[in-house]
Amino acid sequence: MVRIAETADTALVEMRRILGLLTVGEDRDGAAGPAPEPSLGHVRTLFTAVEAAGCRVTAELDDALDALPPALQVSAYRIVQEALTNVLKHAGATDVRVALRRGATALTIAVENGPAATKHRPPPGSGRGLLGVRERAAAFGGTVHTGPRPHGGWRLCATLPLEALA
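Numbers 456 to 621, taken from my numbering, label the letters of the sequence shown in order.
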């Protein structure tokens with residue numbers, strides 16, 4: 456029952472966000488409407504935040520990312536956001552490499568980090584972040600592969616097919 460309630464709460468939050476995107480301009484009281492959902496054009500802001508926390512970020516971003524449909528961009532942004540959050544949480548200040556590549560048939564998102572910083576102790580987690588990443592990828596018929604890297608650190612690779620958008 457708890458899981459059903461949590462899932463319903465999450466669905467309501469997402470629905471409110473979607474409805475907020477449909478609201479244009481100001482509300483009845485003249486207040487500014489909700490901020491638009493982030494896109495891949497905002498991903499460098501995530502890098503800046505992670506760098507401010509002590510990580511060294513290397514990014515490889517294809518030029519054609521801004522032409523992707525908004526829904527796919529939001530999901531891709533959120534996947535990168537969750538991956539970077541996990542880096543900070545589980546590894547602390549370390550090297551991070553982010554690659555966003557748009558191929559002929561799929562968008563590939565790869566986030567890799569180096570070994571955990573010396574004396575870094577990750578807080579306990581719920582594991583819901585990776586579940587959310589998998590759900591976002593599955594919504595587009597995509598896949599997610601995660602796991603440790605051979606010489607330490609972690610890798611997340613998500614593939615979102617583009618043919619589902621046609």
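We put the CB at the ideal spot given by N, CA and C, even for glycine.
On a CA-only basis, which of the options is nearest residue i? Give me that one, please.
i, options, result
"Gly547", "His606, Thr598, Pro578 and Arg499", "Pro578"
"Ala571", "Val588, Arg533 and Arg604", "Arg604"
"Glu515", "Phe595, Ser494, Val566 and Ala561", "Val566"
"Val505", "Thr598, Thr563 and Val553", "Val553"
"Thr542", "Glu618, Trp609 and Thr503", "Looking at the sequence provided, one finds Val at residue 542 rather than Thr. For Val542, the nearest C-alpha among the options comes from Trp609."
"Thr614", "Ala519, Ala531 and Asp517", "Ala531"
"Thr573", "Val588, His545, Arg589 and Phe595", "His545"
"Glu538", "Leu611, Leu617 and Arg458", "In the sequence as displayed, the identity of residue 538 is Ala instead of Glu. Checking every option, the nearest Cα to that of Ala538 belongs to Leu611."
For residue i, I'd like the list of residues in its chain whose CB is within less than 6 Å of its CB, leaving aside the five on either flank, ordered along the chain.
i, result
"Gly509", "Ala548"
Rounded to a whole number of angstroms, what is the C-alpha to C-alpha distance between residue i and residue j?
i, j, result
"Arg499", "Arg556", "15 Å"
"Pro524", "Leu585", "23 Å"
"His606", "Arg511", "18 Å"
"Glu492", "Leu501", "14 Å"
"Thr513", "Thr601", "19 Å"
Considering only residues of the same chain and omitting the five flanking positions on each side of residue i, which have a CB-CB separation below 8 Å?
i, result
"Asp540", "Per the sequence presented here, residue 540 reads as Thr, with Asp not at that position. Gly584, listed in sequence order."
What is the C-beta distance between residue i and residue j, in whole angstroms, given that I count them as a contact (C-beta under 8 Å)?
i, j, result
"Gly439", "Asp521", "There is simply no residue 439 to check, as the chain begins at 456 and stops at 621 in what is shown."
"Ala528", "Ser494", "Sequence check: residue 528 is Gln here, not Ala. Correct: roughly 4 Å between the Cβ atoms."
"Glu618", "Thr560", "6 Å"
Go through its chain and collect everything with a Cβ distance to residue i's Cβ below 7 Å, but skip five positions before and after it.
i, result
"Arg533", "Arg591"
Which runs of the alpha helix (DSSP H) spanning at least 4 residues fall entirely within the segment 493-550, listed in chain order?
Considered as a whole, the segment 493-550 harbours 498-507 and 525-545 as its complete alpha helix (DSSP H) runs of no fewer than 4 residues, in chain order.
May I have a chain-ordered list of the alpha helix (DSSP H) segments no shorter than 4 residues that lie completely inside the segment 558-593?
Whole alpha helix (DSSP H) segments, 4+ residues: 583-593.
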